[in-house]
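What follows is a short report on a single structure.
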Amino acid sequence: MDPSTRLKTLTEYGNAVEVDNNIPPKRYYRSGLEMVRMADVYMTEGNLENAFILYMKFMTLFIEKIRYHPDFSTVPVTDRATNAQKLREVMPKAEKLKSQLMECYEKEYKRYFDEQPINLLTPSLRDVTVPRRLIERFKNLAQRNTDDNIETCGILAGKLSRNVLTITHLVLSKQSGTSDSCITTNEVEVDQFQRDHDLVTIGWIHTHPSQTAFLSSVDLHTHYSYQCLMSEAVAIVCAPTYNENKRTYNTFINV
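Under full-length UniProt numbering, the sequence shown has 144 at position 144, and the numbering climbs by one with no breaks.
In structure tokens:
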């Protein structure tokens, strides 16, 4: 494949972004910043193709797509301002990457054209590393709520390194719950914590205080919103009363 076609295909893959109107736009804004952080990691590691794809997805999402979300007007002015500033930073990075990639492709094309086929970056899911002690630690922290038959939920956050997502933090935000539901009440503080510690959201974990470990219809809907923003997103359900744990990943993830 010639360099121009190769770069065009990569660009089209980066532009393939759709907005789900059932997901609040604020979630997209939060995930957009995480997207840029992951792209910056790829840049540092010299993985130019993955960095370019994420920068393109970020620009496509916030320049072309998000404005058509029916709840776009509810996005706080501060979030829009932060996003606009990030766009101003990302656009020149993407342009520079585009030139670098074209130069690399042209060199590869000349060097290997007669020796071996040139393959595009194959889109694939990244490995996710889950700490061995995570579940027991979470159940211990949630024990008081479990004793009162109240559900507890937490965010699984972490780092991207060498194309592997590793859960490093369990974030338990302020929340209110019942026996079969849990609502976080301070998303702004959680967002700030993750920005301060340069973390990306990798998934979520919650308890079923009096039920077995399974994903309810509400859980599936919640997890769908996570996987729309990151295909590798992890969901873990703990049922302390029955001593059961269930992990839900995308079918193709190796953990």
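Quick reminder that beta carbons are idealized off the backbone N, C-alpha and C, glycines included.
Taking Cβ to Cβ, would you say Ile205 is nearer than 7 Å to Ile236? Position 205 of the sequence shown, counted from the start, is the residue given in the question as residue 205. Position 236 of the sequence shown, counted from the start, is the residue given in the question as residue 236. Going by C-beta atoms, Ile205 is nearer than 7 Å to Ile236.
Kindly indicate the opening and closing residues of the beta strand (DSSP E) around Leu156. To locate residue 156, count along the sequence shown from 1; it is residue 156. Per DSSP, Leu156 belongs to the beta strand (DSSP E) from 153-161.
In chain order, each alpha helix (DSSP H) run of at least 4 residues that lies wholly inside the UniProt domain "MPN" (128-255): 134-141, 143-147, 187-196, 217-229
Three-state secondary structure (DSSP) at Gly32? In the sequence shown, counting from the first residue as 1, residue 32 sits at position 32. Helix at Gly32.
Name the two residues that bound the continuous alpha helix (DSSP H) containing Ser73. Along the sequence shown, one-based indexing puts residue 73 at 73. It is not in any alpha helix (DSSP H) - Ser73 carries neither H nor E in the DSSP assignment.
Three-state secondary structure (DSSP) at residue 272? Here the chain covers residues 1 to 255 and nothing more, so residue 272 does not appear.
For the alpha helix (DSSP H) that Ile53 lies in, which residues bound it at each end? Position 53 of the sequence shown holds residue 53. From DSSP, the alpha helix (DSSP H) with Ile53 extends over 48-59.
Nearest neighbour of Thr82, chosen from Arg111, Val36, Gln100 [CA to CA]: Stepping through the sequence shown from its first residue, residue 82 is reached at position 82. The option with the nearest alpha carbon to Thr82 is Val36.
Which class does Leu125 belong to by DSSP, given the choice of helix, strand or coil? Counted from its first residue, the sequence shown places residue 125 at position 125. The answer is coil: DSSP assigns Leu125 none of H, G, I, E or B.
Among Asn47, Leu141, Leu48, Pro209, which one has its Cα closest to the Cα of Pro240? Translated into positions along the sequence shown, residue 240 becomes position 240. If we check each option's Cα against that of Pro240, Pro209 comes out closest.
Would Asn50 be called buried (16 or more neighbouring beta carbons within 10 Å of its own) or exposed? Position 50 of the sequence shown, counted from the first residue, corresponds to residue 50. Asn50 comes out buried.
Provide the residue span of the alpha helix (DSSP H) that contains Lys65, from first to last. To locate residue 65, count along the sequence shown from 1; it is residue 65. Note, Lys65: premise wrong, no alpha helix (DSSP H); not H, not E.
So for Met1, helix, strand or coil by DSSP? In the sequence shown, residue 1 corresponds to position 1, counting from 1. Met1: coil per DSSP, three-state reduction.
Beta-carbon proximity list for Leu7, same chain, < 8 Å, skipping 5 on both sides: Position 7 of the sequence shown holds residue 7. Same-chain partners within the cutoff: Lys98, Leu101, Met102, Tyr105.
Thinking Phe72 and Ile66 are a contact (beta carbons under 8 Å), I'd like their distance in whole angstroms, please. The count along the sequence shown starts at 1 and reaches residue 72 at position 72. The count along the sequence shown starts at 1 and reaches residue 66 at position 66. The Cβ separation is near 6 Å, so the contact holds.
Looking only at its chain, what residues have a beta carbon closer than 6 Å to the beta carbon of Tyr109, apart from the 5 residues adjacent to it on each side? Indexing the sequence shown from 1 puts residue 109 at position 109. These residues qualify, in order along the chain: Pro3.
Distance check for Thr60 and Ala16, CA to CA, integer angstroms please. The sequence position of residue 16 within the sequence shown is 16, counting from 1. The sequence position of residue 60 within the sequence shown is 60, counting from 1. So the alpha carbons of these two residues sit roughly 8 Å apart.
Tell me which residues share the same chain as Thr146 and place their Cβ nearer than 8 Å to its Cβ, disregarding the 5 neighbours each side in the sequence. For the purposes of this step, residue 146 is identified with residue 146 of the sequence shown, where counting begins at 1. Excluding positions up to five away in sequence, the list reads Lys139, Thr152, Thr207, Pro209, Pro240, Thr241.
Just checking, does the segment 161-171 make contact with the segment 127-144 on the three C-beta pairs under 8 Å criterion? yes
Could you tell me whether any non-hydrogen atom of the ligand GTP is closer than 6 Å to the CB of Asn15? Because no ligand of any kind appears in the structure shown, any question about the ligand GTP cannot be addressed here.
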